[in-house]
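Engineer: Here's a structure for you.
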């Protein structure tokens, strides 16, 4: 009886091990590129707005990674800069963004811009790109009314929610 109990326990351990590994392998990997600021106001690219735009990527990564379905793939900013032939290049050419993300074995790449046409309003615009095909599957726009940190945080959480929804449909 003791021998059969050991076999049962050993079998359960093996099953648990493979179940956990399969769940970890099932996580989709997402690379989030740094957002570009497209500021067309009369006083463009102020230090405050550049700092705000820089904060969007980490906020978005944190919001996406709250879900156990996704893993954020981190990469070197220099790699993004060298792949970017100019402002908006990776945004306009999703296949190039996919090539970049493929180096880090990402399944998806999020390419974003912070568009600021006025002092009180701006938009976060992202393209969700499937790395395997190099095709944009979705474009998502979230408007921001105001420029306070709370506004940016709320908009980024909404953006993450819409990205996750898009990914669940696009699989």
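Numbering (our numbering), first residue to last: -5 to 165.
Just so you know, even glycine gets a beta-carbon here, dropped at the ideal spot from N, CA and C.
1. For residue 121, which beta-bridge partners are listed by DSSP?
2. According to DSSP, is residue 33 part of a helix, a strand, or is it coil?
3. Which same chain residues end up closer than 7 Å to residue 153 when comparing Cβ atoms and leaving out the 5 residues on each side of it in sequence?
4. Go through its chain and collect everything with a Cβ distance to residue 149's Cβ below 8 Å, but skip five positions before and after it.
5. Quick one: grab the DSSP three-state call for residue 62.
6. With distances taken between CB atoms, is the gap from residue 145 to residue 24 smaller than 9 Å?
7. Can you tell me the Cα-Cα spacing of residue 100 and residue 67, whole angstroms?
8. Candidates 49, 34, 50 and 65: which alpha carbon is nearest residue 21's?
9. Give a yes or no on whether the C-beta atoms belonging to residue 116 and residue 141 are separated by under 9 Å.
10. Got a sec? Which residues, its chain only, sit under 6 Å from residue 32 by beta carbon, not counting five neighbours each side?
11. Measuring straight from C-alpha to C-alpha, what distance separates residue 79 and residue 124?
12. In its own chain, which residues sit with a C-beta less than 8 Å from the C-beta of residue 158, not counting the 5 before and 5 after it?
13. Taking Cβ to Cβ, would you say residue 132 is nearer than 9 Å to residue 160?
Structural biologist: To lay it out plainly:
1. In DSSP, residue 121 forms a bridge with 105 and 133.
2. Assignment of residue 33 by DSSP, reduced to helix, strand and coil, places it in the strand class.
3. Within the same chain, and ignoring the five residues on either side of residue 153 in sequence, the residues whose Cβ sits closer than 7 Å to its Cβ are 54, 118, 120, 134 and 136.
4. Beyond the five residues adjoining it in sequence on each side, residue 149 comes within less than 8 Å, by CB distance, of 118, 136, 137 and 138 in the same chain, given in chain order.
5. Three-state DSSP puts residue 62 in coil, outside helix and strand.
6. It is not a contact, given that the beta carbons lie outside the stated cut-off.
7. Roughly 7 Å separates the two Cα atoms.
8. Of 49, 34, 50 and 65, the residue nearest in Cα terms is 65.
9. It is a contact, given that the beta carbons lie within the stated cut-off.
10. Excluding positions up to five away in sequence, the list reads 107 and 109.
11. Cα-Cα distance, rounded: 21 Å.
12. Result list for residue 158: 58, 61, 63 and 64, in chain order.
13. In this structure, residue 132 lies near residue 160, with their beta-carbon atoms less than 9 Å apart.
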